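Colleague: Heads up: the first sequence begins at 1 in the numbering used here, then just goes up one per residue. The C-beta atom is built at its ideal place from N, Cα and C for all residues, glycine as well. No experiment lies behind these values; they were computed from the predicted model shown. Structure provided below as structure tokens; questions to follow.
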Amino acid sequence: MANRTLTGWLLDLVARPTSVDLVFRTDDGTTHALSAPFLPSFVVAGHDVRRETVLAAARAWGCRVGRGEGIEIFSGRAMPAWRLRVPVSGLFTRTVRMAEDEFTPEALFNADISPEQQYAYATGLYPLARANVEINEDGVVQAHEILDDPWDVNAPLPELTTATLRIEGDGHPAHGRSRPLLLSYDGRSYAFEQVDGAGLLHDLSKRLREADPDLLVTEYGDDYIVPTLLELSARCGTLFSLDRTLATPAGNRVGKDPRKPIPPRSYMSYGKVVYRAATHTAFGRWHIDARNSFLFGDTGLPGLIELARLSGIPLQRLARSSPGTAISAMEVALAMSRGILVPFKKREPEDFKTGLALVETDKGGLTYLPRPGVRGNVAELDFASMYPSLMDRYNISPETINCGCCDPGQPVPGIGAHTCTRRRGIIPDTLAPILEKRRQLKARQKSADTSEGKEAFRKRQTALKWLLVVSFGFLGYRNARFGRIEAHEAVTAWGREKLLMAKEIAERDGFSFLHGLTDAIWVTRTGATETDYLALGGTITRETGMPIALEGVYDWIAFLPSKQNPAVAVPNRFVGAFRHGEVKVRGIALRRSDTPPFVAALQKRMVGTMGTADSLPALRKLRTELEAMIEDAVRELRGGRVPPEALTIARRLSKAPDQYVANSAAAAVTRELCGRGVALQPGSKIRYMLTDDGKMRGASKRAVRATALPGGRSMGFLDGSETPDLDAYETMVREAGAELLWATCVRG
DNA sequence: CATTCGCGGGG
DNA sequence: GTGTACGCGAATG
């Protein structure tokens, strides 16, 4: 049998001992299991690394050695380098660890990049790439040709089928009583009762084969459904697998997923603790746990595909990673394509700084304190993607900040640092095409003629937005691969400079500056029209070189007072009505995820009513109407007409159950759930209701009861006899109402 | 009053 | 295989 060529898309890559398995979808809709010989490698480099040592070590570890050069990122200069290719993929991590001891971590490069990504970067065969692949009679790839470009906004994608698997009802299945399993596809649903183990597995497997989805989306699949099914399978001896039967030249076979589950863990991300359940991936199809995937929840399949294509990270792993992993992978890929050696472990110490310099540079974004009060005819102007745009425009990167080659270079305002004017940095060169592609996707989102089309473009541009957002925080993290605190500080220094310039330009042109926050300003001028504000935006864009856009003109905006000190406002607490009635709110109860839905709903109704006021006098006239809305809500609550699920409070635990010091409601609920055998980790989410059964017993402390996650109709362990603490809820309702009512009774 | 704890952000 | 920093506000003790 001769070689043949397949045309289609690469759906997945999975490392095997001496190869990478490729899951490939041809244009006729068949999914093939192909294989490409591949061994991962890493680099040992440095002027003081001795050739004999490398050769001896490589011999001892069974590695093939290639001699070459690599570019040291900070100096930009070439240095002697040796590539060590491990004999078996599975030995990669272990060999790197031995090399760390032998050569020091500083001498290792490109050493923590997964075999799948190494293959993708070496071949251009990224996940979801469209390609021709030439295979021999054993399905081994002989040659390939990439047919598209990940930066192409219009690149064609395969038709993909989806099925969903979840437990009936809402909420974490472990936080309540047992409920049936539901498999849905092609608009139909099938329920499976969890009584007869073998029968359940048999029926479910049959339906899954019939559905044969490319993508299986579960809710709590990683954390609950799949491990429960696997335990059941082990107990009753009936095989169960999420894996798929694929076409191979030798006949169809079920590919077994060689990936081991990554154990569960809790970690800090963006100031909060996140819990990641153990991963259960599939071979031949994708399994995504919607509840264990930040990116899927926010950007869906289109967003995941967008990022998989750009970063080279296989889709199932990407689904379980943060945007930081994706942007880091893109930086790594760009560095490698330029021959730059990627540092193995972070080790750049921060430059020495005096105490004074630290105070001056460590300021972050510029924040003003608006005067509390209500103002009419106010414009908000926002710099677009300010921090990533600054990194791009001023070439801010770990290797370009305070470079040794430029004197003076491009000075950074106010912090005595400079950036390189000769060599573009890895970070700005990673960000520039993302900024450009996001602009294109946003334009397509606007011009798309169907709501489905708009939604797909929205999800894709949102995925890119996340890359841009985290790219900044990433710079400031001292252990990030391309992080350097001086670069982070240069970004905020430029940000303060630009915001200050915007303020001064506005004031020069006769506007009053009311408020400024990192990348946004609020200004007003008596009698100014939208045209005047647009002109101001044009002037600021021209004079700062940074695009600023008119977010909108508020008919009125209330800067709300601090509850701790009513004489001052809080930078990010306001309510404002744009022309056409749309209301923008920040910092009030309805924006918080731990506000009971009933309380948030009252604020939403009030805000909707306030949006009908197109002037300050009109707003003040609404006062009695708004007061009546609050009283209605209290009556509804007191009348027992509020369903309990509307009174639940959601929280994310920041620590392990036994670490709680204060006896907070959340701590009490945590104890209750642990007592019921629910495993809670830092980052686990809980939901509870304030009840009055404590009061019956005369206890002074507030009583609470756990409910199911994440709300909705299922009430977990509640049996219906519990009654909400109406006093506590009435207080919350009145305070939430008063927060907004304030805007109708003050003057600017 | 001090301390503990969790949220927001972007759109 | 992640990734800022920090202020606000509610509740506890």
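Using the rule of at least 16 other Cβ atoms within 10 Å of the residue's Cβ for burial, across every protein chain shown, is Asp257 buried or exposed?
Modeller: By the neighbour-count rule (16 or more Cβ atoms within 10 Å), Asp257 is buried.
Colleague: For the beta strand (DSSP E) that Phe383 lies in, which residues bound it at each end?
Modeller: Residues 373 to 383.
Colleague: Ignore the nearest five residues each way along the sequence and tell me which others in Pro263's own chain have a CB closer than 8 Å to its CB.
Modeller: The answer, listed in chain order, is Ala278.
Colleague: What's the C-alpha gap between Leu358 and Gly364?
Modeller: Annotation note: pLDDT 35 at Leu358 (below 50); position unreliable, no value reported.
Colleague: Where does His418 sit, in a helix, a strand or coil, going by DSSP?
Modeller: Strand at His418.
Colleague: Between the region 562 to 579 and the region 366 to 385, do at least 3 Cβ pairs fall closer than 8 Å?
Modeller: Yes: at least three Cβ pairs fall under 8 Å.
Colleague: Mapping DSSP to helix, strand and coil, what is Arg291?
Modeller: Arg291 falls in the helix class under three-state DSSP.
Colleague: According to DSSP, simplified to helix, strand and coil, what is Phe92?
Modeller: Three-state result, Phe92: helix.
Colleague: Just checking, does the region 156 to 174 make contact with the region 42 to 50 on the three C-beta pairs under 8 Å criterion?
Modeller: Judged by Cβ distances under 8 Å, the region 156 to 174 makes no contact with the region 42 to 50, as fewer than three pairs qualify.
Colleague: Since I believe Phe296 is in contact with Ile288 (beta carbons under 8 Å), could you give me their beta-carbon distance rounded to a whole number of angstroms?
Modeller: With a Cβ gap of about 5 Å, Ile288 and Phe296 count as contacting.
Colleague: According to DSSP, is Tyr224 helix, strand or coil?
Modeller: Tyr224: helix per DSSP, three-state reduction.
Colleague: Can Leu201 and Thr228 be called in contact, C-beta distance under 8 Å?
Modeller: Taking 8 Å as the Cβ cut-off, Leu201 and Thr228 do not qualify as a contacting pair.
Colleague: With a threshold of 6 Å on Cβ separation, who are the neighbours of Gln750 within its own chain once the five nearest residues in sequence on each side are excluded?
Modeller: Residue 750 lies beyond the residue range present for the chain, which begins at 1 and ends at 748; the question has no answer from this structure.
Colleague: Can you grab the Cα-Cα spacing for the pair Leu182 / Glu219, in whole Å?
Modeller: Going by the C-alpha atoms only, they are around 10 Å apart.
Colleague: Would you mind stating whether Gly611 and Gly581 have Cβ atoms separated by less than 8 Å?
Modeller: Yes, Cβ-Cβ distance for Gly611 and Gly581 is below 8 Å.
Colleague: Going by other Cβ atoms of all chains shown within 10 Å of its Cβ, with 16 needed for buried, is Val412 buried or exposed?
Modeller: Buried is the call here.
Colleague: Any idea which residues DSSP pairs Val412 with across the strands?
Modeller: BP columns for Val412 point to Ala417.
Colleague: Locate the beta strand (DSSP E) running through Trp522, then write down its first and last residues.
Modeller: That run of the beta strand (DSSP E) goes 520 to 524.
Colleague: How about the region 674 to 683 and the region 649 to 660: do they share at least three Cβ pairs that are nearer than 8 Å?
Modeller: Yes: the two stretches touch, three or more of their Cβ pairs being nearer than 8 Å.
Colleague: Are Asp725 and Thr670 close, meaning C-beta to C-beta below 8 Å?
Modeller: No, they are not a contact pair.
Colleague: If you follow the alpha helix (DSSP H) that Met336 is in, where does it begin and where does it stop?
Modeller: 323 to 337 is the span of the alpha helix (DSSP H), which, as asked, contains Met336.
Colleague: Could you tell me if Ser241 is buried or exposed, where buried requires 16 or more neighbouring beta carbons within 10 angstroms of its beta carbon?
Modeller: So Ser241 ends up on the buried side.
Colleague: Nearest to Thr245 by alpha carbon, out of Tyr275, Ile686, Glu210, Cys236?
Modeller: Cα-wise, what sits closest to Thr245 is Glu210.
Colleague: By DSSP, does Leu356 sit in helix, in strand, or in coil?
Modeller: Bear in mind that a pLDDT of 35 at Leu356, under 50, signals an unreliable position, so the number given afterwards is only what the model happens to contain. Looking at Leu356 - three-state DSSP - the assignment turns out to be helix.
Colleague: Under a Cβ-count criterion, where at least 16 other Cβ atoms within 10 Å of its own Cβ denotes burial, should Lys465 be classed as buried or exposed?
Modeller: Classification for Lys465: buried.
Colleague: To which residues does DSSP link Tyr554 through a beta bridge?
Modeller: In DSSP, Tyr554 forms a bridge with Val378, Phe578.
Colleague: Hey, Gly8 and Asp21: beta-carbon distance below 8 Å or not?
Modeller: No, the Cβ-Cβ distance between Gly8 and Asp21 is not below 8 Å.
Colleague: Does the region 493 to 511 come close enough to the region 449 to 467 to have 3 or more Cβ pairs within less than 8 Å?
Modeller: Output reads no: the region 449 to 467 does not touch the region 493 to 511.
Colleague: Return the residue from the list Gly199, Val491, Tyr688, Pro80 that minimises the CA-CA distance to Leu108.
Modeller: Per the Cα distances, Pro80.
Colleague: Arg658: buried (16+ other C-beta within 10 angstroms of its C-beta) or exposed?
Modeller: For the record, residue 658 in the displayed sequence is Asp; it is not Arg. With fewer than 16 other Cβ atoms within 10 Å, it is exposed.
Colleague: Enumerate in chain order the residues of its own chain whose CB-to-CB distance from Asn252 is below 6 Å, with the five nearest sequence positions on each side excluded.
Modeller: Excluding positions up to five away in sequence, the list reads Thr245.
Colleague: Taking only runs of the beta strand (DSSP E) that begin and end inside the region 116 to 186, which ones reach a length of at least 3 residues, in chain order?
Modeller: Taking only runs of at least 3 residues, the beta strand (DSSP E) segments lying wholly in the region 116 to 186 are 130 to 135, 141 to 146, 162 to 167, 181 to 185.
Colleague: Relative to the C-alpha of Ala613, which candidate in Cys236, Gly376, Leu431, Leu673 has its C-alpha closest?
Modeller: Cα-wise, what sits closest to Ala613 is Gly376.
Colleague: Helix, strand or coil for Cys745? Go by DSSP, reduced to three states.
Modeller: Three-state result, Cys745: coil.
Colleague: Three-state secondary structure (DSSP) at Val54?
Modeller: DSSP places Val54 in helix when its eight states are reduced to three.
Colleague: Would Val599 and Ala728 be called neighbours here (beta carbons separated by less than 8 Å)?
Modeller: Cβ distance not < 8 Å, so Val599 and Ala728 don't count as in contact.
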